[in-house]
Amino acid sequence: MSESENSLGVRIRHRRTMKGMRLADLAEAVGCSESMLSKIEHGKANPSLKSLHRIARALDVSASALFYQSEEEDCIARAGSRPMMNVSTLRSGKDIVLEALAPHAPDRLLQANIHIIQPGGHTDGEYQHEGEDLGYVLEGQLELFLEGNTYHLGPGDSFLFRSERKHSYRNPGKSVTRVIWVNTPPSF
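Going by full-length UniProt numbering, the first residue of the sequence shown is number 1, and it counts up by one from there.
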């Protein structure tokens with residue numbers, strides 16, 4: 001278990017206790033067992049990406065707030081020193097890494113990441129959340145699935161949709177895909 005994965009559990013437990021929630025309360029809200037949630041909090045297991053979103057929603061934070069703790073109100077994120085979150089540790093399937101384009105802070109109205117998707121990489125099911133998603137394909141190929149429709153995107157293509165629509169994506173190509181992805185409000 002890496003330090004970042006272990007700190008995820010610590011941050012979940014801290015946020016839960018700050019909200020005055022018992023382990024049983026959070027487990028019920030998330031739809032998982034107390035023992036699984038305890039393992040996650042103690043760094044013995046990783047939540048799926050969907051479970052992570054449910055945990056964050058129950059704790060009234062974005063999922064990224066459980067990974068990144070920014071004490072400063074920074075507005076600059078320098079290349080090579082931005083936080084990276086390997087989503088594959090949270091779900092099955094091939095690697096998806098999120099590179100934060102801007103420092104995280106709980107009061108921000110939008111969130112921007114570069115989704116770095118390995119060949120064959122994909123989300124673990126469909127997502128729905130409030131707000132809007134905006135994306136721009138920097139390199140590679142992206143299949144974007146929106147409520148039963150499939151869109152094939154390449155470098156220079158962009159998209160915008162209401163996040164309440166069921167959505168998922170995958171990299172159907174043989175090379176890495178990089179997509180600038182912006183959410184408002186922050187959802188990850």
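Just so it is clear, CB atoms sit at the ideal spot from N, CA and C, and this is done for glycine as well.
Note that the structure is a prediction, hence the values are computed from the model and not measured.
Between the Cα of residue 207 and those of L52, C32 and N113, spot the shortest distance and give me the residue it belongs to. With the chain covering only 1 through 188, there is no way to say anything about residue 207.
Can you list, in chain order, the residues of its chain with a C-beta nearer than 7 Å to that of L146? Leave out the 5 residues immediately preceding and following it. Residue 146 sits at position 146 when you count from the first residue of the sequence shown. Within the same chain, L146 has close Cβ partners F161, R165 and H167.
Spatial distance of S7 from A56 (CA atoms): The residue you call residue 7 lines up with position 7 of the sequence shown. The residue you call residue 56 lines up with position 56 of the sequence shown. In a straight line, the C-alpha of S7 is about 15 Å away from that of A56.
Tell me the rounded alpha-carbon separation between G20 and R13. Taking the sequence shown and counting its residues from 1, one reaches residue 20 at position 20. Taking the sequence shown and counting its residues from 1, one reaches residue 13 at position 13. Rounded to whole angstroms, G20 to R13 spans 11 Å at the Cα level.
Taking DSSP as the reference, what is the three-state secondary structure of M84? Counting from one through the sequence shown, the residue named residue 84 turns up at place 84. Strand, per DSSP.
Alpha helix (DSSP H) runs contained entirely in the UniProt domain "HTH cro/C1-type" (12-66), provided each spans 4 or more residues: 23-30, 34-41 and 49-58
Would you check if the distance between the CB atom of T177 and the CB atom of L110 is smaller than 8 Å? In the sequence shown, the residue the question calls residue 177 occupies position 177. In the sequence shown, the residue the question calls residue 110 occupies position 110. In this structure, L110 does not lie closer than 8 Å to T177 by Cβ.
Can you give me the start and stop residues for the beta strand (DSSP E) that N113 sits inside? Position 113 of the sequence shown, counted from the first residue, corresponds to residue 113. Here the beta strand (DSSP E) through N113 covers Q111 to I117.
Please report the distance separating the alpha-carbon of G43 from that of G9. Stepping through the sequence shown from its first residue, residue 43 is reached at position 43. Stepping through the sequence shown from its first residue, residue 9 is reached at position 9. Using only the alpha carbons, I get a separation of about 6 Å.
Is L50 near G120, with beta carbons less than 8 Å apart? Translated into the one-based positions of the sequence shown, residue 50 becomes position 50. Translated into the one-based positions of the sequence shown, residue 120 becomes position 120. A small fix is needed here, since residue 50 is Lys in this sequence, not Leu. In this structure, G120 does not lie closer than 8 Å to K50 by Cβ.
Quick check for students: name the residue ranges of the beta strand (DSSP E) that lie wholly in the stretch 125-159, counting only runs of 3 or more. 132-139, 142-146 and 149-153
For L8, name the three-state secondary structure that DSSP assigns. The residue labelled residue 8 in the question sits at position 8 within the sequence shown. In this structure, L8 counts as helix in the three-state DSSP scheme.
Spell out the partners DSSP gives N183 in its beta bridges. Start at 1 with the first residue of the sequence shown, and residue 183 comes out as number 183. Looking at the DSSP assignment, N183 forms a beta bridge with Q111 and D133.
Which residue's Cα is closest to the Cα of L66: L23, H115, I116 and I40? Walking along the sequence shown from the start, residue 66 turns up at place 66. Nearest C-alpha to L66: I40.
Can you name, in chain order, every residue of its own chain whose Cβ lies under 6 Å from the Cβ of P172, other than the five neighbours on each side? Looking up residue 172 in the sequence shown gives position 172. For P172, where only same-chain residues beyond five positions count, the Cβ hits under 6 Å are Q141 and E143.
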